[in-house]
Amino acid sequence: MEIQYARLNKGKPLEQLYVRALEMGIYLVEVDQGQGLALLYNGDRPMRFHSLTLVKKAFVDFTVKQAKLCHESPYDEMIGNGPVSAESMELPLNMKLGAV
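Here it is in structure tokens:
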């Protein structure tokens, strides 16, 4: 499922916001405004961010109930160790600007 950034309702809280950390400093965002998780799009492409600060700035006018940073690493599999876990590492994320 996908949703356009411009169509997000700033008056309606985001139930969940997942920031997916990919390789080379690229972050994708999934949001839930009550209809399930949807990948954030800008036009015909997923909306890409190059830092967590840019993600936070994009959502400064939104109420975010729960935010998480998710990271999946392919490196163990790439060196022949096989997948360590089917689950990604998830950390709580403070969406306030300047917060770590």
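4 is the number of the first residue of the sequence shown in the numbering used here; add one for each residue after it.
Positions of the beta carbon are idealized from the N, C-alpha and C atoms, including for glycine.
Predicted model only: the values in this text are computed from it and were never measured.
query	result
So E5 packs on A61, CB below 8 Å; how close in whole Å?	With 8 Å as the limit, E5 and A61 do not qualify as a contact, their Cβ atoms being about 16 Å apart.
How about A105 and L100: do their beta carbons lie closer than 8 Å?	With the chain running from 4 to 103 in the structure shown, residue 105 is simply not present.
Less than 8 Å separating the beta-carbons of L17 and Q38?	no
Rounding to the nearest angstrom, what Cα-Cα distance links N97 and A70 in this structure?	7 Å
For Y8, collect the residues of the same chain with a Cβ closer than 6 Å to its Cβ; drop the 5 residues on either side in sequence, then sort them by chain order.	L43, N45, M50
Let's test the definition: count the other Cβ atoms within 10 Å of the Cβ of E93 and tell me whether it reaches 16, buried, or not, exposed.	exposed
Please tell me whether E26 has its Cβ less than 8 Å away from any Cβ of chain C.	Going by chain labels, chain C is absent from the structure shown, which holds only one protein chain.
According to the neighbour-count rule (16 or more other Cβ atoms, all chains shown, within 10 Å of its Cβ), is E26 buried or exposed?	exposed
Quick one: what does DSSP say E93 is sitting in, helix, strand or coil?	strand
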